[in-house]
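Below is one structure, written out as structure tokens; the observations come after it.
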Amino acid sequence: MKNQTEYVTHTFAPVFDSSSRVLLLGTMPSPKSREEGFYYGHPRNRFWKVIGEVLGEDMPLTIEEKKKMLLAHKVAVWDVLKSCEIRGADDGSIKNPAANDMSIVLKAAPIQAVFATGQKAAALYRKYCEPDTGVPIRQLPSTSPANCGMKYERILESYREILEYI
1 MKNQTEYVTH
11 TFAPVFDSSS
21 RVLLLGTMPS
31 PKSREEGFYY
41 GHPRNRFWKV
51 IGEVLGEDMP
61 LTIEEKKKML
71 LAHKVAVWDV
81 LKSCEIRGAD
91 DGSIKNPAAN
101 DMSIVLKAAP
111 IQAVFATGQK
121 AAALYRKYCE
131 PDTGVPIRQL
141 PSTSPANCGM
151 KYERILESYR
161 EILEYI
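Structure below.
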């Protein structure tokens, strides 16, 4: 199954409210995230540890704790794509992408900055979303286990940029 390309549809709602000021966008939930039922669900993904530390919070463990932490700090989370063909969690294998409608979040919240949590998310946003939104995206390093070569401290420092907007 890992090497097989499959058509995947995004099933998580965006996490945001009318106070959200920063939007963090991934590409598409990984198989492990889909299994867990929430964003950045792979146990080796460093996203929740990084975000918790940046926001001065303990790393959230449950989905409810994750949502509560994000909303308390005015951070929204979603993904660029609503569907695509993909092989496992390999963003490089994405074909036939269809983008989410970013206006769902951008019209409902005073978003001050949009960040991609990786290179592919940034590229897909620039191609499929930015022409409609007119809102530029800033690229952060991926917290995925596939980016294990990047030191935690470097990722953490990059993510501190979101603090300027919340």
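Be aware that the sequence shown starts at 1, since it is given in the UniProt record's numbering, and climbs by one per residue.
We put the CB at the ideal spot given by N, CA and C, even for glycine.
Annotated three-state conformation of Leu61 is coil, per DSSP. In terms of Cα proximity to Pro29, the closest of His73, Pro110, Lys95 and Val80 is Val80. Assignment of alpha helix (DSSP H) within the UniProt domain "Uracil-DNA glycosylase-like" (13 to 160), counting only whole runs of 4 or more residues, yields 31 to 36, 47 to 54, 63 to 72, 103 to 106, 119 to 128, 130 to 133 and 152 to 159 in chain order.
Rounded to the nearest whole angstrom, the CA to CA distance from Thr117 to Tyr159 is 9 Å. Under the DSSP assignment, Glu6 falls in the beta strand (DSSP E) whose first and last residues are Thr5 to Thr9. Ile104 counts as exposed, since fewer than 16 other beta carbons sit within 10 angstroms of its beta carbon. Assignment of Ile166 by DSSP, reduced to helix, strand and coil, places it in the coil class. Fewer than three Cβ pairs drawn from the stretch 1 to 16 and the stretch 52 to 61 lie within less than 8 Å of each other, which leaves the two stretches out of contact. In chain order, Tyr40, Met59, Pro60 and Lys66 place their CB closer than 7 Å to the CB of Trp48, counting only its own chain and leaving out the 5 sequence neighbours on each side.
The alpha-carbon of Phe38 is positioned some 11 Å away from that of Pro31. Ranked by Cα distance from Lys107, the first of Leu25, Gln119 and Ser18 is Ser18. The C-beta of Cys129 has 16 or more other C-beta atoms within 10 Å across all chains shown, which makes the residue buried.
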